[in-house]
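Beneath this line is the structure, given in structure tokens, with notes to follow.
Number of protein chains: 2
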Amino acid sequence: MIFDTISEPIARRVTAGLVRIGHVLRSRAWKGAGPAGVTPTQGHALGLLRDAPEGLPLGIVAGRLGVSAPTASDAMNTLVAKGLVLKAPGAKPRSISLRLTPTGEALADATRDWPAFLTGAVETLDPAEQAAFLRMLVKIIRAMQQNGDIAPQKMCVTCRYFRPNVHEGASAPHHCAFVDAPFGDRHLRLNCPEQEDAGEETQAANWRRFAPAA
Amino acid sequence: MIFDTISEPIARRVTAGLVRIGHVLRSRAWKGAGPAGVTPTQGHALGLLRDAPEGLPLGIVAGRLGVSAPTASDAMNTLVAKGLVLKAPGAKPRSISLRLTPTGEALADATRDWPAFLTGAVETLDPAEQAAFLRMLVKIIRAMQQNGDIAPQKMCVTCRYFRPNVHEGASAPHHCAFVDAPFGDRHLRLNCPEQEDAGEETQAANWRRFAPAA
DNA sequence: TTCAATATTTAGGAGTCCTAATATAGAGTC
DNA sequence: GACTCTATATTAGGACTCCTAAATATTGAA
Numbered sequence: 065m066i067f068d069t070i071s072e073p074i075a076r077r078v079t080a081g082l083v084r085i086g087h088v089l090r091s092r093a094w095k096g097a098g099p100a101g102v103t104p105t106q107g108h109a110l111g112l113l114r115d116a117p118e119g120l121p122l123g124i125v126a127g128r129l130g131v132s133a134p135t136a137s138d139a140m141n142t143l144v145a146k147g148l149v150l151k152a153p154g155a156k157p158r159s160i161s162l163r164l165t166p167t168g169e170a171l172a173d174a175t176r177d178w179p180a181f182l183t184g185a186v187e188t189l190d191p192a193e194q195a196a197f198l199r200m201l202v203k204i205i206r207a208m209q210q211n212g213d214i215a216p217q218k219m220c221v222t223c224r225y226f227r228p229n230v231h232e233g234a235s236a237p238h239h240c241a242f243v244d245a246p247f248g249d250r251h252l253r254l255n256c257p258e259q260e261d262a263g264e265e266t267q268a269a270n271w272r273r274f275a276p277a278a
Numbered sequence: 065m066i067f068d069t070i071s072e073p074i075a076r077r078v079t080a081g082l083v084r085i086g087h088v089l090r091s092r093a094w095k096g097a098g099p100a101g102v103t104p105t106q107g108h109a110l111g112l113l114r115d116a117p118e119g120l121p122l123g124i125v126a127g128r129l130g131v132s133a134p135t136a137s138d139a140m141n142t143l144v145a146k147g148l149v150l151k152a153p154g155a156k157p158r159s160i161s162l163r164l165t166p167t168g169e170a171l172a173d174a175t176r177d178w179p180a181f182l183t184g185a186v187e188t189l190d191p192a193e194q195a196a197f198l199r200m201l202v203k204i205i206r207a208m209q210q211n212g213d214i215a216p217q218k219m220c221v222t223c224r225y226f227r228p229n230v231h232e233g234a235s236a237p238h239h240c241a242f243v244d245a246p247f248g249d250r251h252l253r254l255n256c257p258e259q260e261d262a263g264e265e266t267q268a269a270n271w272r273r274f275a276p277a278a
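Here the protein sequences line up with chains C and X, keeping their order.
In terms of our numbering, the first sequence is numbered consecutively and its last residue is 278.
In terms of our numbering, the second sequence is numbered consecutively and its last residue is 278.
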């Protein structure tokens, strides 16, 4: 098979595709910046704060944004100046607690489905493909998390309430012990508010059951 | 099925996953910036120029980077100052032709596999999954291209040499009329130097044959 | 000759990013 | 009480990214 020898390895081509999508996303995020809008980093921060109504200290925000503390401080001050974020004293000495103002909350909710054009493109896949794609995305993100290449995510597959492949049938083989209900690959979450990491051994055992080695 | 009603729609969760990967990529690209290195936009431009040994005018570079002409002009001047890019007069009036210097070429080649950690994560999928993932990625990117959300890509599925599903067997059902050889989903390219767009009707017919509606 | 179209650059300003240095509050030590 | 250590955030300064609007230069057409 000639193409097996002349092709760039498939994993690299997949990576290139993901990188390309990343570029488009970044470029699009800037288009929405305008005078009224919010820049990419600011938008990202708004999303983080929406999921943390109890407030977050600056250091955590910086870590999740993947930028240095000064960069995060700058961005937060801009958001405060725009009236989208509030700074309050935090629990620890010298720490602050960042929260959304009502305006900020409204803006964060309005952009919850960002970017719609990518969601639209994903919807051109049929439902079974979407489920398979999500499952593989989960695998990729978990692999990065295990290598410390990405901050820990609140994913089903690392959750103490996760029970993979315990039900018959392909539609909903897994079980969520938090809501005590069965679910399938298409329901896998990357950002579950209820998620709590399981112990290391449980995680490993669950993973073997979820994704048996080929 | 309770999760069908309480879950965020699957396409949105997929989008969120892709967005997250995009964030990591951006953040990582900056870590490699340092005094010796190159910033994310500059690195992206280097990659574009590597694939265009004949040189590119500024406007095209700006379009492919997804930034305005002034931004691209700035970045190119910085690369020229760093000795990685050469500016020569272009074919059209007042136009310039941007190429890599030998140093630039060496750097671009050294980072061809960027980012390796993502390639590593993709490799944790088994080969069949990688092929399926690539195929879906192609679908998603094509959908974006059709909507004008992403600059045209040099993809197999829009190429005049593409003959989808003309061979028996699952391993290599497609045919590339340029090299006159069969190939499979795992060989699909997003960035083929030989690619030339097929006519609209051919593309549509090929697509129906490649991805029959569910 | 003048005008329009094209391609790039300049100007100016906000935002993103970094590293290094600088507060500042509290905890532990003498 | 003063000394120091640690954790957290900010300031300072510089390079780069990003935009819009305006300026510049060149060719080809009216």
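Even for Gly, the Cβ is constructed at its ideal location relative to N, Cα and C.
Contact between Thr167 (chain X) and Ala139 (chain X) is ruled out by a C-beta separation of about 17 Å, above the 8 Å threshold.
For Arg84 (chain X), the three-state secondary structure derived from DSSP is helix. Counted as a single uninterrupted DSSP element, the alpha helix (DSSP H) harbouring Ser137 (chain C) occupies residues 133-145. Of X:Gly212, X:Gln217, X:Ala245, X:Leu201, the smallest CA-CA separation from Val78 (chain C) is found for X:Leu201.
Using a Cβ-Cβ cut-off of 7 Å, Val186 (chain C) counts as an interface residue toward chain X, since at least one Cβ of chain X sits closer than that to its own. Considering only X:Lys218, X:Ala80, X:Arg84, X:Leu89, the residue with the shortest C-alpha distance to Val83 (chain C) is X:Leu89. Between the stretch 117-133 of chain X and the stretch 111-122 of chain C there are fewer than three inter-stretch CB-CB distances shorter than 8 Å, so the stretches are not counted as touching. The three-state reading of DSSP puts Ser161 (chain C) in strand, counting E and B together. Counting along the chain, the unbroken alpha helix (DSSP H) around Leu113 (chain C) starts and ends at 104-114. Counting every other CB atom within 10 Å of its CB across the protein chains shown gives Thr183 (chain C) a total of 16 or more, marking it as buried.
The C-alpha of Lys218 (chain C) is placed about 6 Å away from the C-alpha of Cys256 (chain C). Counting the other CB atoms within 10 Å of its CB gives Ile70 (chain X) a total below 16, which places it among the exposed residues. The shortest C-alpha to C-alpha distance from Leu189 (chain C) to any of X:Ala185, X:Thr188, X:Leu198 is the one to X:Leu198. Taking 7 Å as the CB threshold, Val221 (chain C) stays off the interface with chain X.
DSSP places Ala126 (chain C) in the uninterrupted alpha helix (DSSP H) bounded by 122-129. If you draw a straight line from the Cα of Leu143 (chain C) to the Cα of Thr103 (chain C), it is about 10 Å long. For Thr165 (chain X), the closest C-alpha among the options X:Arg158, X:Lys146, X:Ser159, X:Ala155 is that of X:Lys146. In the DSSP assignment, Lys151 (chain C) falls within the unbroken beta strand (DSSP E) covering 149-153.
When X:Ala268, X:Gly248, X:Thr266 are compared, the shortest CA-CA separation from Ile66 (chain C) is found for X:Gly248. Interface criterion not met: the Cβ of Gly154 (chain C) is under 7 Å from no Cβ in chain X. Listed along chain X are Phe181, Gly184, Ala185, each with a C-beta nearer than 8 Å to that of Asn211 (chain C). One Cα belongs to Arg227 (chain X), the other to Ala241 (chain X), and the distance between them is close to 7 Å. Boundaries cannot be given for Phe242 (chain X), as no beta strand (DSSP E) includes it and DSSP labels it neither H nor E. Within the model, the alpha-carbon separation for Phe181 (chain C) versus Pro117 (chain C) is close to 28 Å.
The alpha carbon of Gly263 (chain X) has as its nearest neighbour, out of X:Tyr225, X:Asp244, X:Phe274, the alpha carbon of X:Tyr225. A distance below 7 Å separates the beta carbons of Ala215 (chain X) and Arg128 (chain X). The beta carbon of Ala93 (chain X) sits closer than 7 Å to the beta carbons of Pro104, Gly107 from its chain, once the five residues preceding and following it are set aside; these are given in chain order. Across the structure, Leu252 (chain C) and Ala80 (chain C) are spaced so that their CA atoms are roughly 25 Å apart. DSSP lists C:His239 as the beta-bridge partner residues of Pro246 (chain C). Under the criterion of beta carbons closer than 8 Å, Ala172 (chain C) and Arg114 (chain C) qualify as touching, at roughly 4 Å. Identification of chain C residues near Arg253 (chain X) by a Cβ-Cβ cut-off of 9 Å yields Ser71, Glu72, Arg77, ordered along the chain. Against Gln194 (chain X), the close residues of chain C are Ile74, Ala75, Val78, in the order they occur along the chain (beta-carbon pairs closer than 7 Å). Between the beta-carbon of Leu148 (chain X) and that of Leu112 (chain X) there is about 13 Å, and that puts the pair past the 8 Å contact cut.
Around the C-beta of Lys95 (chain X), fewer than 16 other C-beta atoms lie within 10 Å, and the residue is accordingly described as exposed. Shown here for His239 (chain C): same chain residues with a beta carbon closer than 6 Å to its own, the five before and five after excluded, namely Arg227, Val230, Pro246 in chain order. Put simply, of C:Gln210, C:Ala277, C:Val186, C:Lys151 the residue whose alpha carbon is nearest the alpha carbon of Leu162 (chain C) is C:Lys151.
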